[in-house]
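Sequence lines, in order, name chains A and B.
Heads up, the first sequence is in the numbering used here, so the first residue is 1 and it goes up one at a time.
Heads up, the second sequence is in the numbering used here, so the first residue is 1 and it goes up one at a time.
Built from N, CA and C at the ideal position, the CB exists for glycine as well.
Here's the structure, in C-alpha cells; my notes come after.
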Amino acid sequence: TQLLEQSPQFLSIQEGENLTVYCNSSSVFSSLQWYRQEPGEGPVLLVTVVTGGEVKKLKRLTFQFGDARKDSSLHITAAQPGDTGLYLCAGAPTGANNLFFGTGTRLTVIP
Amino acid sequence: GAVVSQHPSWVICKSGTSVKIECRSLDFQATTMFWYRQFPKQSLMLMATSNEGSKATYEQGVEKDKFLINHASLTLSTLTVTSAHPEDSSFYICSARPGTGVFRSYTFGSGTRLTVV
Chain A
1 TQLLEQSPQF LSIQEGENLT VYCNSSSVFS SLQWYRQEPG EGPVLLVTVV TGGEVKKLKR
61 LTFQFGDARK DSSLHITAAQ PGDTGLYLCA GAPTGANNLF FGTGTRLTVI P
Chain B
1 GAVVSQHPSW VICKSGTSVK IECRSLDFQA TTMFWYRQFP KQSLMLMATS NEGSKATYEQ
61 GVEKDKFLIN HASLTLSTLT VTSAHPEDSS FYICSARPGT GVFRSYTFGS GTRLTVV
C-alpha cells in the first residue's frame with residue numbers, strides 16, 4: 001500500500017479566504033490526481049498532474065506536483081460554500097495500474 | 001463521457017448473509033476494474049484489482065474468501081461480500097479506466113452503501 005498523507009485532515013474557513021491542502025508521500029508516482037467527493041457519491045476527478053514541478057489551474061483551484069513526484073498541493077483562492085467537500089489526492093505508482101488514495105481533507109466553507 | 005454504474009446504490013442485509021454488488025462500464029470495455037471500501041469520515045481504501053478472465057489481485061489485509069470478485073466480461077465486475085457481519089458495513093466503490101494511455105483517468109461508480117444488521 002502506497003501511503004499518501006494529506007494535511008490538514010479537517011479545515012473550516014470563512015467564505016473568501018484562501019487555503020492550501022497538502023499531499024505527501026515517500027513514494028514516487030507516475031501521476032497524481034485530485035478528487036472531490038460529496039457524501040454518498042463516488043469521487044469526481046478535478047485534475048491529473050504527471051510532470052514533476054507541473055502547475056495546473058482550474059478557475060480558483062491551483063494544483064502543483066512536486067519536483068520529485070512524491071507530493072502535491074491544492075490551493076483554493078477565495079473559497080466559496082460550494083467548495084465544501086472531501087478532497088482526496090490519489091497516486092498511481094510508477095508502472096502500476098491501480099490508484100491509491102490519500103487520507104483526505106474535509107473542507108467546510110462557512111458563508 | 002465514460003460512465004461506471006454500480007448497483008445497488010444501497011443495501012441492508014442480515015448478519016451471515018451474502019450480498020452481491022455489480023459494477024458495469026456502460027460505454028467502454030474494462031479489462032481491469034478496481035474495488036474500494038470507504039468507512040465513514042475516512043478515505044477510500046483499495047481492496048482489490050479485478051481482472052477480466054482471471055483472478056483478482058487483493059491488497060494486503062483483504063480476505064479473498066470473504067470478498068469474492070468475479071470479472072466475467074469486459075463490462076461487468078461483481079463483488080460478493082460473503083457471510084456479512086456488521087463490521088463489513090461500509091461504502092463500496094468501483095472504478096475503471098476507459099480509453100488507452102498511461103495517464104488515462106479513472107472513472108468511479110456512485111458507490112454502494114452496505115449496512116449489515
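Boundaries of the beta strand (DSSP E) in which residue i is found, first to last residue
i, result
"Tyr35/A", "Phe29 to Gln37"
"Leu46/A", "Val44 to Val49"
"Leu3/A", "No beta strand (DSSP E) contains Leu3/A, which DSSP labels as neither H nor E."
"Asn24/A", "Leu19 to Asn24"
"Ser5/B", "Val4 to His7"
Where residue i falls: helix, strand or coil (DSSP)
i, result
"Glu22/B", "strand"
"Ser93/A", "A quick correction: the sequence has Pro, not Ser, at residue 93/A. Strand, per DSSP."
"Asp88/B", "helix"
"Asp71/A", "strand"
"Gly82/A", "helix"
"Lys66/B", "coil"
"Ser110/B", "coil"
"Ser12/A", "strand"
"Arg60/A", "coil"
"Leu74/B", "coil"
Nearest to residue i (by Cα), restricted to the options the options
i, options, result
"Ser12/A", "Gln80/A, Leu3/A, Gly95/A and Asn97/A", "Gln80/A"
"Val50/A", "Ser31/A, Pro8/A and Thr77/A", "Ser31/A"
"Ile76/A", "Lys57/A, Thr94/A and Phe65/A", "Lys57/A"
"Ser120/B", "Glu87/B, Lys55/B and Gly61/B", "As shown, chain B starts at 1 and ends at 117. That puts residue 120/B outside it, with no answer to give."
"Ile93/B", "Met45/B, Ser15/B, Pro86/B and Ser83/B", "Met45/B"
"His71/B", "Asn51/B, Glu63/B and Thr82/B", "Asn51/B"
CB contact below 8 Å: residue i versus chain A
i, result
"Gly101/B", "no"
"Phe108/B", "yes"
Neighbour flag for residue i against chain B, beta carbons, 8 Å
i, result
"Thr48/A", "yes"
"Leu107/A", "no"
"Asn18/A", "no"
"Asn97/A", "yes"
- Query: Counting only runs that start and end within the region 25 to 61 of chain B, where is the beta strand (DSSP E) found for 3 or more residues in a row?
  - Reply: 32 to 38 and 44 to 51
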